[in-house]
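Going line by line, the protein sequences match chains S and E. With this note's numbering applied, the first sequence covers 2 to 280. With this note's numbering applied, the second sequence covers 2 to 280. Glycine included, C-beta positions come from ideal geometry on N, C-alpha and C. Just so we're clear, the structure is a prediction, and the values are computed from it rather than from any experiment. First up is the structure itself, then whatever we jot down about it.
2 protein chains.
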Amino acid sequence: MTLFSLSTTGQISITGKNNSASTIIDAIIKNTGSPIIPNTVDVIKEGSPDTKVRGIVTTMFATMDVLRQAVAKNCNLIIAHEPLYYNHRDETKQFKNDQVFLEKQRYIRDNKLVIWRFHDYIHSMHPDGVSLGMLTKLGWKQYAVNGTLDQFRLPETTLRNLAEELKKIFPKYTFYIVGDPEMKLKNVRLAPGAPGSNYHIELLEKENVDVLVAGESPQWETYEYARDATSQGKKKAVIFLGHIASEEAGMDYCAEWLRGFIKDIPVSFIESGPSYWAY
Amino acid sequence: MTLFSLSTTGQISITGKNNSASTIIDAIIKNTGSPIIPNTVDVIKEGSPDTKVRGIVTTMFATMDVLRQAVAKNCNLIIAHEPLYYNHRDETKQFKNDQVFLEKQRYIRDNKLVIWRFHDYIHSMHPDGVSLGMLTKLGWKQYAVNGTLDQFRLPETTLRNLAEELKKIFPKYTFYIVGDPEMKLKNVRLAPGAPGSNYHIELLEKENVDVLVAGESPQWETYEYARDATSQGKKKAVIFLGHIASEEAGMDYCAEWLRGFIKDIPVSFIESGPSYWAY
C-alpha cells in the first residue's frame with residue numbers, strides 16, 4: 002500500500018487507513034512549503050508518533066471538551082493551534098501535583114490520543130493559513146487591499162457599526178474596544194492572536210490604518226496607546242476580538258486544507274469557542 | 002525652613018511649599034519601609050527632579066486625560082502606578098516618529114510636569130499599599146482570613162452572585178469570567194494586576210481557593226486552565242476584573258497615605274477608569 006505520494010501540485014498525498022501520526026505530521030509540514038523552523042513549538046505534546054490514525058480533529062485549543070468530542074467521533078489525532086498545557090512552550094514541570102493537568106493527561110493517555118500543535122508552520126504558509134480562514138469567516142474578500150489578507154478598505158462606517166458587524170460574525174464573544182464609537186473609518190488592519198504591542202503600535206502609526214482588529218494584548222500596552230491616541234483626537238481605534246475569535250477560523254480552514262491531501266481518514270474541525278462569559 | 006523631618010512614628014514628614022520632586026520622591030520611598038529595589042521601574046519618567054512641587058496627583062495610568070485634569074488642578078507631580086509609554090520599562094526608542102508619544106511628551110514638557118512611577122515600592126510596603134486600597138474598595142475587611150489582604154471567606158454565594166456584587170463595586174468594567182455561574186463558593190483569593198499565570202495556577206491548585214479574583218492574564222494561560230478545571234467538574238473559577246479595576250483603588254489609598262506625611266502640598270487621586278468599552 003502506498004502510504005503517501007507526490008501529487009502533480011507537488012503536494013504529498015496521504016492515502017489509506019494505516020498511516021501513523023508521524024507520517025501524517027511530516028506530510029503536513031512538508032505541504033506547508035515552509036523551511037524547517039528551528040526550535041518550533043509544533044511538536045507532539047502527548048501520545049506516540051507511531052499511533053495509527055483513525056480520524057483527525059483540528060481545533061484552536063485541545064480543551065477537555067474538545068478532547069471528549071474527538072473521542073466520541075473516534076478521532077485520535079488532535080491538531081491544535083494553541084498550547085495544550087496553559088503556556089506557550091507547554092512546560093509541565095510545575096504541574097507535577099496539579100490535578101487539572103494530571104486529569105487531562107490521564108484522559109489523553111487512557112484514550113491513546115496524539116496531540117500535535119500546528120502553530121508556527123500554519124503561520125508560515127504562503128498565504129498564512131490562519132489569515133485565509135479568517136478572510137472567509139469575515140467575508141471581506143472584496144475589501145482586501147491589493148490581494149493582502151490583513152488590510153481592508155471597507156465602505157465608510159463608524160466604529161460602533163463595525164463592532165455590530167463583527168458581533169454578528171462572532172456572537173459568542175464580548176469585545177473590548179478602545180476608541181470613539183462614532184469615529185468614521187474605512188481602513189481596517191487585522192492583527193490576529195498576540196503578536197505583541199510593538200507590532201500593534203507600528204500598525205496604528207500608519208496613515209492608512211484607522212482601526213486595528215486585534216486578538217489580545219496586555220492591558221498596559223496597546224490599550225493605553227489607543228486610549229491616548231483617542232484622547233488626542235486622533236482617528237485611531239482597536240477592537241480586541243479576543244485571541245480565539247481572532248484565529249479560530251484558521252483551524253476550520255486547516256481541516257478543509259487537510260482534506261485536500263488526506264484521502265481516507267476523516268478530518269473535522271471542532272470549535273473551542275470562548276473560554277469565558279462576560280458580565 | 003525644614004523641608005522634612007522624622008516623625009515619632011519614624012516617618013519622614015514633608016512640610017512647606019518649596020520641596021522638589023526628588024525630595025518628595027525620596028521621602029515616599031523611605032516611608033514605604035522597603036529596602037532599596039535594584040533595577041526598579043520606579044523612576045522619574047519625564048520632568049526634572051529639581052521641579053518645585055505645587056500639587057500631587059496619584060493615578061493608575063498617567064493618561065492624556067489624567068494629565069489634563071492634573072494641569073487643571075495646578076498639580077505638577079504625577080505619581081502613576083503603571084507605565085507612561087505603553088510598556089513595562091517605558092522604552093521609547095521605537096517611538097521616535099510616533100505622533101501619540103510625541104504629543105504626550107510635548108504636553109508633559111510644555112506643562113513642566115514630573116511623572117514618577119510608584120509600582121515596585123508600593124507593592125513592597127507591609128502591608129502592600131495596593132492591597133490595602135483594594136480591601137477598602139471591596140469592603141471585605143470582615144471576611145479577611147487571619148488578617149490577610151488577599152484571602153477571604155465570604156458567606157456562601159454563587160459565582161454569578163459574586164460577579165453581580167463585584168459589578169456594583171466596579172460598574173464601568175466588563176469582566177471576563179471562567180467557571181460555572183451556578184458554582185457555590187466561599188473562598189476567594191485576590192490576584193491584582195498581572196502576576197503571571199504560574200502564580201494564578203498555584204493559587205487555584207489550593208484546596209482553600211474556590212475563585213480567583215484576578216487582574217489580567219494572557220488568554221492562552223489562566224483562562225484555559227480554568228476552563229479545563231471547570232470542564233472536569235472541579236469547583237474552581239476566575240473572575241478577571243481587568244488590570245485597572247484590580248489595582249486602581251491602591252492609588253486612591255496612596256493619596257490618603259501621602260497626605261499623612263506631606264503637609265502643605267495638596268494631594269489628590271484621579272481615576273484613570275477603563276480604557277475600553279465592551280460590546
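Item checked: Residues of the region 197 to 218 of chain S whose Cβ lies closer than 9 Å to any Cβ of chain E, in chain order -> For the region 197 to 218 of chain S, the set of positions with a beta-carbon nearer than 9 Å to some beta-carbon of chain E reads S198, N199, I202, E203, L205, E206, G216, E217 in chain order.
Checklist line | Neighbouring residues, chain E, relative to A230(S) (Cβ below 7 Å) | finding: Among the residues of chain E, those whose CB is under 7 Å from the CB of A230(S) are V101, following chain order.
Item checked: Burial state of K44(S), where buried means 16 or more other Cβ atoms lie within 10 Å -> In the sequence as displayed, the identity of residue 44(S) is Val instead of Lys. Label assigned to V44(S): exposed.
Next item on the list: Mind the definition here: the region 169 to 180 of chain E touches the region 142 to 153 of chain E only if three or more C-beta pairs lie below 8 Å; say whether that holds.
Entry: Result no; under three Cβ-Cβ pairs closer than 8 Å.
Next item on the list: Note down, in chain order, every chain S residue with its Cβ under 9 Å from the Cβ of G243(E).
Entry: Close to G243(E), with beta-carbon spacing below 9 Å, are these residues of chain S in chain order: Y177, Q220.
Item checked: Same chain only: Cβ atoms within 8 Å of K236(E), ignoring 5 sequence neighbours per side -> So the list reads M184, K185, L186, D211, once near-sequence residues are dropped.
Next item on the list: Verify the contact flag: S125(E), CB atom, against every heavy atom of the ligand SAH, threshold strictly below 6 Å.
Entry: Ligands displayed in this structure: none; no statement on the ligand SAH is therefore possible.
Check: Relative to chain S, which residues along the region 159 to 184 of chain E have a C-beta separation below 9 Å, given in chain order?
Finding: Residues of the region 159 to 184 of chain E with a Cβ closer than 9 Å to any Cβ of chain S, in chain order: R161, A164, E165, L167, K168, T175, F176, Y177, I178, V179, G180, P182.
Notebook entry, point to check: Which residues in chain S sit within 7 Å of Q233(E), going by Cβ to Cβ distance?
Noted result: Here the neighbours are M65, V101, E104.
Margin query: Just list the residues that DSSP pairs I45(S) with in beta bridges.
Written below: DSSP output for I45(S) lists W117(S) as bridge partner(s).
Next item on the list: Give every residue of the same chain whose Cβ lies closer than 8 Å to the Cβ of I38(E), excluding the five residues on either side of it in the sequence, and list them in chain order.
Entry: Here the set comprises D121, Y122, S125.
Next item on the list: Starting from the C-beta of Y226(S), find all residues in its chain whose C-beta is less than 6 Å away, skip the five residues before and the five after it, and write them out in chain order.
Entry: Around Y226(S): I202.
Checklist line | Through-space distance from N75(S) to E222(S), alpha-carbon basis | finding: E222(S) and N75(S) have their C-alpha atoms roughly 43 Å apart.
Notebook entry, point to check: Can you round the beta-carbon distance between Y87(S) and S198(E) to whole angstroms, since I take them to be within the 8 Å contact cut?
Noted result: With 8 Å as the limit, Y87(S) and S198(E) qualify as a contact, their Cβ atoms being about 6 Å apart.
Notebook entry, point to check: Going along chain E, which residues have a C-beta under 7 Å from Y226(S)?
Noted result: Chain E residues near Y226(S): Y87, V101.
Notebook entry, point to check: From the beta carbon of F62(E), is the nearest beta carbon of chain S less than 7 Å away?
Noted result: Chain S contact via Cβ: present.
Next item on the list: From the DSSP output, in three-state form, read off V67(S) for me.
Entry: If DSSP states are grouped into helix, strand and coil, V67(S) belongs with the helices.
Check: Roughly how many angstroms separate the alpha carbons of D229(S) and A192(S), rounded to a whole number?
Finding: D229(S) and A192(S) have their C-alpha atoms some 20 Å from each other.
Checklist line | Beta carbon of V67(S) nearer than 7 Å to that of G251(S) | finding: Here V67(S) is not near G251(S), since their CB atoms are 7 Å or more apart.
Next item on the list: Classify Q143(E) as buried or exposed, calling it buried when 16 or more other Cβ atoms lie within 10 Å of its own Cβ.
Entry: Taking every protein chain shown into account, the CB of Q143(E) has fewer than 16 other CB atoms within 10 angstroms, so this residue is exposed.
Check: Taking C-beta to C-beta, are Y224(E) and V179(E) nearer than 7 Å?
Finding: Cβ atoms of Y224(E) and V179(E): closer than 7 Å.
Note to self: Judging by CA-CA distance, which residue of R107(S), F262(S), M135(S) is the nearest neighbour of T33(S)?
What the structure shows: Nearest of R107(S), F262(S), M135(S) to T33(S), Cα basis: F262(S).
Item checked: Cβ-based burial, L242(S) [other Cβ within 10 Å; buried from 16] -> L242(S) comes out buried.
Item checked: Secondary structure of I263(E), DSSP reduced to three states -> For I263(E), the three-state secondary structure derived from DSSP is strand.
Next item on the list: With a cut-off of 8 Å on the beta carbons, I'd call L133(E) and Y254(E) a contact; round off their distance for me.
Entry: Between L133(E) and Y254(E) the beta-carbon gap is near 5 Å, inside 8 Å, which marks them as a contact.
Note to self: Check for me: the alpha helix (DSSP H) holding S23(S) runs from which residue to which?
What the structure shows: 22 to 33 is the span of the alpha helix (DSSP H), which, as asked, contains S23(S).
Checklist line | Three or more C-beta pairs below 8 Å linking the region 155 to 171 of chain E and the region 266 to 273 of chain S | finding: No, the region 155 to 171 of chain E is not in contact with the region 266 to 273 of chain S.
Check: Are at least three pairs of beta-carbons, each pair with one atom in the region 46 to 54 of chain E and one in the region 8 to 26 of chain E, less than 8 Å apart?
Finding: Using a Cβ-Cβ distance cut-off of 8 Å, the region 46 to 54 of chain E and the region 8 to 26 of chain E are in contact, since at least three pairs of beta carbons, one from each stretch, lie closer than that value.
Next item on the list: Could you spell out the range, first to last residue, of the alpha helix (DSSP H) harbouring A246(S)?
Entry: Judged by DSSP secondary structure, A246(S) falls within the alpha helix (DSSP H) whose first and last residues are 244 to 248.
Margin query: Using the three-state DSSP reduction, which class does R154(E) fall into: helix, strand or coil?
Written below: The three-state reading of DSSP puts R154(E) in strand, counting E and B together.
Notebook entry, point to check: Per DSSP, which one or two residues make a beta bridge with N75(S)?
Noted result: In DSSP, N75(S) forms no bridge with anything.
Check: Alpha carbon to alpha carbon, what distance is there between R154(E) and W141(S)?
Finding: Roughly 50 Å between the two C-alpha positions.
Next item on the list: With distances taken Cα to Cα, identify the nearest neighbour of R118(E) among L139(E), Y280(E), I30(E), S276(E).
Entry: For R118(E), the nearest C-alpha among the options comes from I30(E).
Check: Short check: CB of T59(S) to CB of K264(S), under 7 Å?
Finding: Their beta carbons are not under 7 Å apart, which means T59(S) does not touch K264(S) by this criterion.
Next item on the list: Within the same chain, show all residues whose beta-carbon is closer than 6 Å to that of R161(E), passing over the 5 residues directly before and after it, in chain order.
Entry: Within its own chain, the residues whose Cβ lies closer than 6 Å to the Cβ of R161(E), once the five positions on either side in sequence are excluded, are P182, listed in chain order.
Checklist line | chain S contact residues for S132(E), given Cβ-Cβ distances below 9 Å | finding: Here the premise fails: no neighbours, minimum Cβ distance about 19 Å.
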